[in-house]
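Asks:
There are 2 protein chains.
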Amino acid sequence: MFPHSVAIREVGPRDGFQNEPEVIPTAEKVRLIDMLARTGLRRIEVTSFVRADVIAQLADAEAVLAQIDVPDGVSVSVLVPNERGLERALAAGGFDTVSCFVSASETHNRHNVGRSVAESLIACERVIEGARSAGLSAGGVIATSFGCPYEGVVEAGGVLEIAARLAAAGATEVGFGDTTGMANPLAVAGFFTRAAQELGSSVELTAHFHNTRGQGLANVVAALGAGCRSFESSFGELGGCPVPAGATGNIATEDLVCMLEEMGISTGVALESVLAAAAAVRALLGRSLGSHTLVAGPIDWRR
Amino acid sequence: MFPHSVAIREVGPRDGFQNEPEVIPTAEKVRLIDMLARTGLRRIEVTSFVRADVIAQLADAEAVLAQIDVPDGVSVSVLVPNERGLERALAAGGFDTVSCFVSASETHNRHNVGRSVAESLIACERVIEGARSAGLSAGGVIATSFGCPYEGVVEAGGVLEIAARLAAAGATEVGFGDTTGMANPLAVAGFFTRAAQELGSSVELTAHFHNTRGQGLANVVAALGAGCRSFESSFGELGGCPVPAGATGNIATEDLVCMLEEMGISTGVALESVLAAAAAVRALLGRSLGSHTLVAGPIDWRR
Chain A
2 MFPHSVAIRE
12 VGPRDGFQNE
22 PEVIPTAEKV
32 RLIDMLARTG
42 LRRIEVTSFV
52 RADVIAQLAD
62 AEAVLAQIDV
72 PDGVSVSVLV
82 PNERGLERAL
92 AAGGFDTVSC
102 FVSASETHNR
112 HNVGRSVAES
122 LIACERVIEG
132 ARSAGLSAGG
142 VIATSFGCPY
152 EGVVEAGGVL
162 EIAARLAAAG
172 ATEVGFGDTT
182 GMANPLAVAG
192 FFTRAAQELG
202 SSVELTAHFH
212 NTRGQGLANV
222 VAALGAGCRS
232 FESSFGELGG
242 CPVPAGATGN
252 IATEDLVCML
262 EEMGISTGVA
272 LESVLAAAAA
282 VRALLGRSLG
292 SHTLVAGPID
302 WRR
Chain B
2 MFPHSVAIRE
12 VGPRDGFQNE
22 PEVIPTAEKV
32 RLIDMLARTG
42 LRRIEVTSFV
52 RADVIAQLAD
62 AEAVLAQIDV
72 PDGVSVSVLV
82 PNERGLERAL
92 AAGGFDTVSC
102 FVSASETHNR
112 HNVGRSVAES
122 LIACERVIEG
132 ARSAGLSAGG
142 VIATSFGCPY
152 EGVVEAGGVL
162 EIAARLAAAG
172 ATEVGFGDTT
182 GMANPLAVAG
192 FFTRAAQELG
202 SSVELTAHFH
212 NTRGQGLANV
222 VAALGAGCRS
232 FESSFGELGG
242 CPVPAGATGN
252 IATEDLVCML
262 EEMGISTGVA
272 LESVLAAAAA
282 VRALLGRSLG
292 SHTLVAGPID
302 WRR
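These protein sequences, in sequence, are chains A and B. Going by this note's numbering, 219 is the number at position 218 of the first sequence; the sequence numbering is gapless. Going by this note's numbering, 7 is the number at position 6 of the second sequence; the sequence numbering is gapless.
(1) If you drop the 5 nearest sequence neighbours on each side, which residues of the same chain put their C-beta closer than 7 Å to that of VAL114(A)?
(2) Taking C-alpha atoms, which residue in ALA196(B), GLY17(B) and LEU261(B) lies nearest to GLY158(B)?
(3) For the region 121-134 of chain A against the region 155-172 of chain A, are there 3 or more C-beta pairs whose distance is under 8 Å?
(4) Hey, GLY1(B) and ALA144(B) are a contact pair by Cβ (cut 8 Å); roughly how many whole angstroms apart?
(5) Would you check if the region 254-265 of chain B and the region 17-24 of chain B touch, i.e. whether three or more CB-CB distances between them fall below 8 Å?
(6) Identify the continuous alpha helix (DSSP H) that holds GLU130(B) and give its terminal residues.
(7) Which residues of chain A have a Cβ atom closer than 7 Å to the Cβ of ASP16(B), listed in chain order?
(8) Using the C-alpha atoms, what's the distance from LEU239(B) back to ILE69(B)?
(9) With burial defined as no fewer than 16 other Cβ atoms inside 10 Å of the residue's Cβ, what is the status of HIS293(B): buried or exposed?
(10) In three-state DSSP terms, what is ASN110(B)?
(11) Alpha carbons only, please: which of MET264(A), SER138(A) and ILE25(A) is nearest the one belonging to ALA57(A)?
(12) Alpha carbon to alpha carbon, how far is PHE147(A) from CYS101(B)? Give it in angstroms, no decimals.
(13) Output the distance between the C-alpha atoms of VAL99(A) and VAL128(A), rounded to the nearest integer angstrom.
(14) Please report the distance separating the alpha-carbon of ARG288(A) from that of GLY237(A).
(15) If the cut-off is 8 Å on Cβ atoms, which residues from the region 152-173 of chain A count as contacting chain B, listed in chain order?
(16) Please go through the same chain and pick out, in chain order, the residues whose beta-carbon is closer than 8 Å to the beta-carbon of LEU272(B), but skip the five residues on each side of it.
(17) If we call anything under 7 Å between Cβ atoms a contact, is THR48(A) one with ARG15(A)?
(18) In whole angstroms, what separates the C-alpha of SER138(B) from that of GLY265(A)?
(19) Terminal residues of the continuous alpha helix (DSSP H) containing SER274(A)?
(20) I want to see whether chain A comes within less than 7 Å of ARG230(B), judged by CB atoms only; does it?
(21) Could you tell me how far apart the beta carbons of ALA168(A) and VAL204(A) are, in whole angstroms, since I believe they sit closer than 8 Å?
(22) Residues of chain B with CB under 9 Å from ASN182(A), in chain order?
(23) Determine the extent of the beta strand (DSSP E) in which ILE163(A) is found, giving its start and end residues.
(24) Short check: CB of LEU37(B) to CB of ALA278(B), under 7 Å?
(25) Looking at the strands, I want to know which residues DSSP matches up with SER10(B).
(26) Let me know the secondary structure DSSP gives LEU290(A) once reduced to three states.
(27) Quick one: residues in its chain with C-beta nearer than 6 Å to the C-beta of GLY41(B), no 5 flanking neighbours on either side, listed in chain order?
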């Protein structure tokens with residue numbers, strides 16, 4: 002039922018940092034990314050080329066890319082909202098993968114980027130095609146794939162249509178975001194079973210769960226059982242979404258790695274090294290974080 | 002794969018309160034238990050008859066039992082460590098079920114109660130037989146069933162031998178405690194599959210998970226898939242274990258109810274009512290708790 006190995010993308014430096022109210026100095030971001038890049042993680046999303054007046058926290062995207070020191074074999078991705086962002090990203094360089102994003106929910110997409118889903122999807126297609134033309138890999142992430150805080154139910158059929166469009170444009174990976182933690186294990190199992198049937202093996206399917214209601218790792222187990230082999234997570238459980246207020250963020254990379262390795266599923270990641278990075282960001286931010294393993298420590302089997 | 006309904010025992014008033022450093026006034030305990038008893042929960046563990054010099058927090062066991070007002074149909078259980086505790090409990094009355102406990106790990110049992118596992122097991126058998134003779138139901142809980150912080154690996158075979166002894170003595174329910182959060186979904190699935198095979202339908206099998214490393218609800222999903230239909234949890238995610246230091250406690254009742262009801266598995270529990278009880282205990286304790294749904298609120302499907 003469970004696979005021998007899975008892929009994990011660390012999204013803390015982008016998804017986590019962008020939700021921090023105080024701007025983190027570039028040097029600190031670089032230090033933390035360099036730590037993460039030496040944990041065994043093979044995919045890291047390091048920043049986003051959004052407009053600086055929209056997300057001031059990530060205004061230093063070029064500087065971050067210029068200063069990080071990432072070993073060979075670690076894929077570096079950046080989030081890009083549109084063609085202008087792609088132009089900036091391509092001028093900067095220093096990464097191999099471009100991720101674009103769109104919400105499955107019309108209302109959430111308008112709240113998030115002030116466009117219709119159809120408009121965002123066209124922008125995504127242009128970003129993917131542009132990235133591919135530049136010799137880069139491209140992926141897309143679909144927010145509110147399992148439910149929308151404004152609209153409620155989001156139909157899987159519509160989500161998978163968007164995924165098919167992204168794949169047709171050249172995305173080699175599509176991520177499904179549970180942006181406000183509305184997914185449950187039964188829904189996740191059904192969704193990924195259907196996604197694998199409809200999208201086949203043409204595109205890698207990635208789960209992006211939030212731990213909003215404590216179900217993050219339970220949803221991972223359900224996704225694993227339905228064939229999902231790729232996950233996004235954030236060290237320290239950073240990140241999340243302003244809705245609902247006060248809720249925790251993405252699943253914590255260290256909690257994900259702890260669970261998977263205990264299950265005999267190889268992540269390639271050294272748990273102690275991720276814990277060191279999470280402890281470093283906790284010290285930097287000066288507050289306790291949502292991560293559990295960061296508090297409890299790894300399991301000591303006394304072997 | 003998943004059942005239509007499960008049974009939940011709320012253990013916060015015992016397992017949660019006993020871990021609180023400041024003694025909670027009896028009237029506050031009674032108020033919270035009375036709230037919990039009106040949520041739809043059909044099983045509540047309300048106190049323990051341990052020695053007052055060991056756990057001062059629960060020294061008011063008789064008073065709690067005398068003052069609570071629990072509707073018909075809600076089972077009230079008390080934890081009892083030995084025959085002396087049973088005598089006190091029987092003299093007090095006001096409950097229908099007695100739970101005894103033993104660790105699967107020799108070292109943990111000695112740390113916990115200063116006895117060998119064999120000695121504790123004999124005490125459990127006497128408690129179970131005494132409770133049954135008094136016309137009560139009896140159950141046993143086996144701590145460190147999935148791993149021990151002192152010894153590491155705990156063999157399932159030994160745990161199931163203890164469970165068989167408890168069942169033979171007359172226990173109608175045996176709980177398996179993941180006392181310090183060492184279980185993972187693969188181990189849990191294997192354990193409950195084997196437990197059902199070896200113990201059959203003669204005894205109800207209950208899972209008692211902690212959220213120490215964030216895997217609590219993931220372990221619930223694994224246990225559900227392996228046939229487990231009975232769970233223990235604690236409102237607000239109260240409780241836990243002093244090892245490892247600072248770690249969170251039992252899985253939160255409100256997180257468990259939220260997940261199960263979202264999966265279409267009936268708990269009989271009104272989520273909003275449990276959230277009100279968890280909010281009340283948070284206000285009483287004056288600190289944030291580990292519960293996720295208490296922060297995020299129920300999912301709003303806009304229906």
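Think of the CB as a built atom: it goes at the ideal place given N, C-alpha and C, for glycine as much as any other residue.
Replies: Considering the structure as presented:
(1) Sequence index remark: in the first sequence, residue 114(A) carries index 113 (1-based). So the list reads PRO82 and SER121, once near-sequence residues are dropped.
(2) Residue mapping note: residue 158(B) aligns to position 157 of the second sequence, counting from 1. Per the Cα distances, ALA196(B).
(3) yes
(4) The structure shown does not extend to residue 1(B), since chain B is modelled only from 2 through 304, so no value can be given for it.
(5) With a cut-off of 8 Å, the region 254-265 of chain B and the region 17-24 of chain B do not count as touching, because too few Cβ pairs lie within range.
(6) By 1-based counting over the second sequence, the position of residue 130(B) is 129. That run of the alpha helix (DSSP H) goes 118-134.
(7) Counting from one through the second sequence, the residue named residue 16(B) turns up at place 15. Within chain A, no residue comes near ASP16(B); the closest Cβ sits about 18 Å away, beyond 7 Å.
(8) Within the second sequence, residue 69(B) is the residue found at index 68, counting from 1. Within the second sequence, residue 239(B) is the residue found at index 238, counting from 1. One C-alpha to the other measures close to 20 Å.
(9) Mapped onto the second sequence, residue 293(B) falls at position 292. Classification of HIS293(B): buried, given that the 10 Å Cβ count is 16 or more.
(10) Translated into positions along the second sequence, residue 110(B) becomes position 109. Helix at ASN110(B).
(11) Taking the first sequence and counting its residues from 1, one reaches residue 57(A) at position 56. With distances taken between Cα atoms, ALA57(A) lies closest to ILE25(A).
(12) As a position in the second sequence, residue 101(B) is number 100, starting the count at 1. As a position in the first sequence, residue 147(A) is number 146, starting the count at 1. The straight-line gap from Cα to Cα measures roughly 42 Å.
(13) Within the first sequence, numbered from 1, the residue matching residue 99(A) stands at position 98. Within the first sequence, numbered from 1, the residue matching residue 128(A) stands at position 127. Looking at the two C-alpha atoms, the distance is approximately 8 Å.
(14) Here the question's residue 288(A) lines up with position 287 in the first sequence. Here the question's residue 237(A) lines up with position 236 in the first sequence. Roughly 11 Å between the two C-alpha positions.
(15) GLU152, GLY153 and VAL154
(16) Working through the second sequence from its first residue, we reach residue 272(B) at position 271. Answer for LEU272(B): GLU255, VAL258, CYS259, GLU262, THR294 and PRO299, listed in chain order.
(17) Within the first sequence, numbered from 1, the residue matching residue 48(A) stands at position 47. Within the first sequence, numbered from 1, the residue matching residue 15(A) stands at position 14. Result yes, Cβ atoms of THR48(A) and ARG15(A) sit closer than 7 Å.
(18) Indexing the second sequence from 1 puts residue 138(B) at position 137. Indexing the first sequence from 1 puts residue 265(A) at position 264. Approximately 40 Å between the Cα atoms of the pair.
(19) Translated into positions along the first sequence, residue 274(A) becomes position 273. Per DSSP, SER274(A) belongs to the alpha helix (DSSP H) from 272-286.
(20) Indexing the second sequence from 1 puts residue 230(B) at position 229. Judged by the 7 Å Cβ criterion, ARG230(B) is not in contact with chain A.
(21) The residue you call residue 168(A) lines up with position 167 of the first sequence. The residue you call residue 204(A) lines up with position 203 of the first sequence. Going by Cβ atoms, the distance from ALA168(A) to VAL204(A) rounds to 4 Å, so yes, they are a contact pair.
(22) Here residue 182(A) is taken as the residue at index 181 of the first sequence, counted from 1. Here residue 182(A) is Gly; the residue named in the question, Asn, does not match the sequence. Neighbours of GLY182(A) on chain B, chain order: HIS293, ALA297 and ILE300.
(23) Position 162 of the first sequence, counting from 1, holds the residue named residue 163(A). Run containing ILE163(A): none in the beta strand (DSSP E); it sits in the alpha helix (DSSP H), 157-170.
(24) For this step, residue 37(B) is matched to residue 36 along the second sequence. For this step, residue 278(B) is matched to residue 277 along the second sequence. Contact flag set, yes.
(25) Locating residue 10(B) in the second sequence gives position 9, where the first residue counts as 1. With the sequence shown as reference, residue 10(B) is identified as Arg, and Ser is not the correct amino acid for it. Paired residue(s): ARG44(B) and GLU233(B).
(26) Residue numbering aside, residue 290(A) sits at position 289 when the first sequence is read from its first letter. It is coil, neither helix nor strand.
(27) For the purposes of this step, residue 41(B) is taken as the residue at position 40 of the second sequence. GLY269, VAL270 and ALA271, listed in sequence order.
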